[in-house]
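Chemist: Below is the structure I would like to discuss, written out as structure tokens.
Residue numbers (the working numbering), protein chains in the order written: chain A, 24 to 320; chain B, 160 to 473.
Here you go:
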């Protein structure tokens, strides 16, 4: 295991091939099982996507909910029309909030956490071991354990963008992921750079960062997933529509009768679309980042 | 997120002259300070504040200062049947989700770890729900769980049982509400565990399986004697993360049931938020999160112990 943490995890596709393949019948059985399981995972998603294009009264309709009928974009235009005043918030508000929060948390987090990890992994300074130990201990503290005091301390900053991103930029877990990666990097290039007179900053930005794409990708993806889906914190800190992120707004939307399922699903599709697009383009990275989050111990 | 084993930080690159050392120290301090300051402000300070708040009677926007309350919040919590109900619900949730989700994830990982064409596509499909934020998952499943035969789950059960099963009020009935929350949580989360376990499976040397088949070990014996021991640490990690996750349960409950019906789905975090946010009883909410943290810490310590034993053995 410790070997694996030092380098990027091996690509998961490389399943060792055995020489004798299974019989055709067994193979067909295998595929049947895989397809049934796939249906379990995909059916709810399909249901949402199909429903988002159907008239609302045909969404909640038993198994016929899966049948694409009378498809149109009415639900999507309906969502834009519904959220079109300061009282309801404008649809772009929710998107903008999620976007601002995610971008700041991801980009800020990459810079802040990777720098700290580099100083801990490669530079010698007094207090290094103490800071390292403190970071490791903080990994144990889940955000839920500090929500209530944070809610109390930041009460004056409710309904802002920055209260939604500032607490999440520095993450002990991200520092830890960067740290284990940097410690495992071969030192020769850095040594050569230092002999050539490069200081710690140049060495970090020009030698270490370019070698560390896998860990930057992992942290980006894990952070993006959690910041785009943030829910608990916005529930406590945001009540003005203008500053609601998408997941909070869809829960508010769900609670407002009469429930328009077509529009709710259209909202849901738009909510998840950036995540799905990024996932389908970078899925190899996604899967490796999840795998690497478990490769320790 | 806390199986942390720390590789020793590497020794400095060269025997530097004092000037270099000074430069390194200065750079290091500038590099760590943003993270350290942010962690201090947004993790350490609130963490300490939680302890302080839990010993006081605090209300926001009341104009009155916090008053000393001693251990009263804790004694009230530990004599409150509703709080025990929340602990019990989290415990039941963990008791079901941890083995079921881990077992399913291991099964899926083993299915994917076979030399068949198209496994990458199936892996993508199984993993897809992980990308979905829990709030959206809850919204989708709210509709799936609709109580009449118009709900998909009821319609499906009706179809396969020729009208003998259902319709059930999944989220409205105390007997099924927890199960309903469990199912959607597993649906969303199992792909994550599956990927971690798949990486673990692929870390087991194929020569071990070859040796086992030379010894005429059957599939079960291979699983029992090669796969499980090889996956021990990965499994411990997955079990730990899932157990802690079970105690963090909040989003689904907030959106789907608000803890009801009859507290059937109330959870520790749901009560923390309700106390602090809905009832403006910040001290009580803080006391709940302190108890929550102690539970998480205990789970982590148990897990660390298990890992250490493993090292001693091997």
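We put the CB at the ideal spot given by N, CA and C, even for glycine.
1. Does the CB of residue 214 of chain B have a neighbour CB from chain A at under 9 Å?
2. Please state if the CB of residue 124 of chain A and the CB of residue 180 of chain A are separated by a distance shorter than 9 Å.
3. Going by the CB atoms, is the gap between residue 426 of chain B and residue 245 of chain B shorter than 9 Å?
4. Go ahead and pull the three-state DSSP assignment for residue 245 of chain A.
5. Within the 9 Å Cβ cut-off, does residue 175 of chain A reach chain B?
6. For residue 183 of chain A, does the three-state DSSP call read helix, strand or coil?
7. Quick one: Cα of residue 116 of chain A to Cα of residue 275 of chain A, how far?
8. Starting from residue 305 of chain A, trace the alpha helix (DSSP H) both ways and give me its first and last residue.
9. Report all residues from its chain with a CB closer than 7 Å to the CB of residue 398 of chain B; omit the five preceding and five following residues, and keep chain order.
10. Does DSSP classify residue 389 of chain B as helix, strand or coil?
11. Listing by chain order, which chain B residues have their CB less than 8 Å from the CB of residue 141 of chain A?
12. At 9 Å on the CB atoms, spell out the chain A contacts of residue 455 of chain B, in chain order.
13. What are the residues in the stretch 253 to 269 of chain B lying within 9 Å of chain A by C-beta distance?
14. Determine contact between the stretch 231 to 239 of chain A and the stretch 299 to 306 of chain A, defined as no fewer than three beta-carbon pairs at a distance below 8 Å.
15. Evaluate residue 94 of chain A with the Cβ neighbour count: other Cβ atoms within 10 Å of its Cβ, from every protein chain shown; 16 or more gives buried, anything less gives exposed.
16. Whose C-beta lies closer than 6 Å to the C-beta of residue 241 of chain A among residues of the same chain, with five residues either side of it excluded?
17. Quick one: is residue 311 of chain B buried, meaning 16 or more other Cβ sit within 10 Å of its Cβ, or exposed?
18. Measure the CB-CB distance between residue 410 of chain B and residue 255 of chain A and report whether it falls below 9 Å.
19. Quick one: Cα of residue 226 of chain A to Cα of residue 216 of chain A, how far?
20. What does the alpha-carbon distance come out to for the pair residue 453 of chain B and residue 405 of chain B?
21. Expressed to the nearest angstrom, what Euclidean distance is found between the alpha-carbon atoms of residue 203 of chain A and residue 85 of chain A?
22. What would DSSP say about residue 70 of chain A, mapped onto helix, strand or coil?
23. Could one say the Cβ of residue 191 of chain A lies closer than 9 Å to chain B's Cβ atoms, at least one of them?
24. For a cutoff of 9 Å on Cβ pairs, would you count residue 308 of chain A as touching chain B?
25. Does the CB of residue 130 of chain A have a neighbour CB from chain B at under 9 Å?
26. Which chain A residues sit within Cβ distance under 9 Å of residue 389 of chain B?
27. Flag this pair as yes or no: are the beta carbons of residue 248 of chain B and residue 337 of chain B separated by less than 9 Å?
28. List the residues of chain D that residue 122 of chain A touches, going by C-beta distances under 7 Å, in chain order.
29. Quick check on this structure: which residue in B:457, B:434, B:191 and B:428 has the alpha carbon closest to the alpha carbon of residue 150 of chain A?
30. Between residue 298 of chain B and the rest of its own chain, which residues show a CB-CB distance below 8 Å, the 5 nearest in sequence each way excluded?
31. Where does residue 278 of chain A land, buried or exposed, given buried means 16+ other C-beta within 10 angstroms?
32. Note down, one range per segment and in chain order, each alpha helix (DSSP H) of at least 4 residues found wholly within the stretch 200 to 248 of chain A.
33. Express the C-alpha separation of residue 462 of chain B and residue 396 of chain B in angstroms, rounding to a whole number.
34. What does DSSP give as the partner residues of residue 215 of chain B in its beta bridges?
35. Exposed or buried, which one is residue 467 of chain B when buried takes at least 16 other CB atoms within 10 Å?
36. Would you call the CB atoms of residue 184 of chain B and residue 148 of chain A closer than 9 Å?
Modeler: Put simply:
1. no
2. no
3. yes
4. helix
5. yes
6. coil
7. 14 Å
8. It is not in any alpha helix (DSSP H) - residue 305 of chain A carries neither H nor E in the DSSP assignment.
9. 257 and 261
10. helix
11. 190
12. 163, 164, 165, 167 and 168
13. 267
14. no
15. exposed
16. 312 and 315
17. buried
18. yes
19. 6 Å
20. 14 Å
21. 50 Å
22. helix
23. yes
24. no
25. no
26. The contacting residues do not exist; residue 389 of chain B stays about 10 Å from chain A at best.
27. yes
28. Going by chain labels, chain D is absent from the structure shown, which instead holds the protein chains A and B.
29. B:191
30. 414
31. exposed
32. 211 to 218
33. 8 Å
34. B:227
35. exposed
36. yes
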